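Worksheet: the structure to be examined is printed underneath.
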Amino acid sequence: MQIKHKENSRRGMFYIEDEKGLIAELTYHKDGNNILTIDHTEVKRKMENRGIGSSLVKESVRYARENNFKIEPLCPFAEVQFEQNQSYNDVRA
2 MQIKHKENSR RGMFYIEDEK GLIAELTYHK DGNNILTIDH TEVKRKMENR
52 GIGSSLVKES VRYARENNFK IEPLCPFAEV QFEQNQSYND VRA
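Its first residue numbered 2, the sequence shown is counted upward by one per residue in this note's numbering.
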């Protein structure tokens, strides 16, 4: 499954879709201090427990590293992912 990304000056999302539509999404908003606040992560119920949500968080971390952002994991799922993956500490706001 390919993770796609789209954003504008204030908001963005990482998402996965198939021929029927959206399977999973992680949304964030940006502030003026190069901080991405992850505010929502969702995976369709039929696709849960396959590591898709974790993959979206991992992709957001990769994006933050490549673009000099920090991440505030406001969403409970993202917060747990950051707690479980100490390797994400370098981008945590």
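Even for Gly, the Cβ is constructed at its ideal location relative to N, Cα and C.
Being a predicted model, the structure only gives us computed values, none of them experimental.
Check: Does the distance from the CB of R66 to the CB of V44 come in under 8 Å?
Finding: By the CB criterion at 8 Å, R66 and V44 fall outside the cutoff.
Notebook entry, point to check: Is the Cβ-Cβ distance between I72 and L37 less than 8 Å?
Noted result: One thing to note: I72 has its Cβ within 8 Å of the Cβ of L37.
Note to self: Tell me the DSSP secondary structure of K71 in three-state form.
What the structure shows: In the structure shown, K71 adopts extended strand secondary structure according to DSSP, grouped into three states.
Next item on the list: Can you give me the start and stop residues for the alpha helix (DSSP H) that E20 sits inside?
Entry: For E20, there is no enclosing alpha helix (DSSP H), as DSSP marks it with neither H nor E.
Notebook entry, point to check: Straight-line CA distance for E63 to F78?
Noted result: Here the sequence assigns Arg to residue 63, which means Glu is not the residue at that position. Those two C-alpha atoms are separated by around 17 Å.
Next item on the list: Please name the residue or residues paired with Y16 in a DSSP beta bridge.
Entry: DSSP output for Y16 lists K5 and E26 as bridge partner(s).
Check: In three-state terms, what does DSSP make of E43?
Finding: If DSSP states are grouped into helix, strand and coil, E43 belongs with the strands.
Item checked: Test item: CB-CB of N35 and N69 under 8 Å -> For N35 and N69, yes; Cβs fall inside 8 Å.
Check: Should S112 go down as buried or exposed, given a rule of 16 or more other Cβ atoms within 10 Å for buried?
Finding: Since the first residue shown for the chain is 2 and the last is 94, residue 112 is missing from the structure and cannot be characterised.
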